[in-house]
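A.B. asks:
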Amino acid sequence: MRTSAKARRTSSAVVLYVIVLVAFQVFLITVAVEAFQTDTESLAWATAAVSVALFAAAAAFLRYLRP
């Protein structure tokens, strides 16, 4: 099965976007854990919520890549 150059470029862009989202998610989880340890619960819950939203976005993009 041959794919066009445009399809490969789109797939590469989606994979790159997912990598950036996951990297940002790891950063946010680190911030959330540090906030929980320093008793800054509002920051911890906010970053945890954004991290969950990023997970959902990354999962949706990965679903897009499946044939």
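Residues 0 to 66 (numbering that gives the first Met the number 0) make up the sequence shown, in order.
Even for Gly, the Cβ is constructed at its ideal location relative to N, Cα and C.
Computed from a prediction, not measured in an experiment: that's the story for all the values here.
Would you grab the beta carbon distance between residue 31 and residue 43 for me? Rounded to a whole angstrom, and I think it's under 8 angstroms.
C.D. replies: Numbered from its first residue, the sequence shown carries residue 31 at position 32. Numbered from its first residue, the sequence shown carries residue 43 at position 44. Yes, residue 31 and residue 43 are in contact; Cβ-Cβ is about 5 angstroms, under 8 angstroms.
A.B. asks: Tell me the DSSP secondary structure of residue 8 in three-state form.
C.D. replies: As a position in the sequence shown, residue 8 is number 9, starting the count at 1. Here residue 8 sits in helix by DSSP.
A.B. asks: Leaving out five residues before and five after residue 23 in sequence, what residues of the same chain have Cβ atoms less than 7 angstroms from its Cβ?
C.D. replies: Translated into the one-based positions of the sequence shown, residue 23 becomes position 24. Closer than 7 angstroms at the Cβ level, and outside the excluded window around residue 23, lie 53.
A.B. asks: Quick check: what's the CA-CA separation for residue 18 versus residue 49?
C.D. replies: As a first step, residue 18 must be located in the sequence shown, where it is residue number 19. As a first step, residue 49 must be located in the sequence shown, where it is residue number 50. Approximately 16 angstroms, taken between the alpha carbons.
A.B. asks: Between which two residues does the alpha helix (DSSP H) harbouring residue 39 extend?
C.D. replies: The residue you call residue 39 lines up with position 40 of the sequence shown. Neither: residue 39 is in no alpha helix (DSSP H) and is coded neither H nor E.
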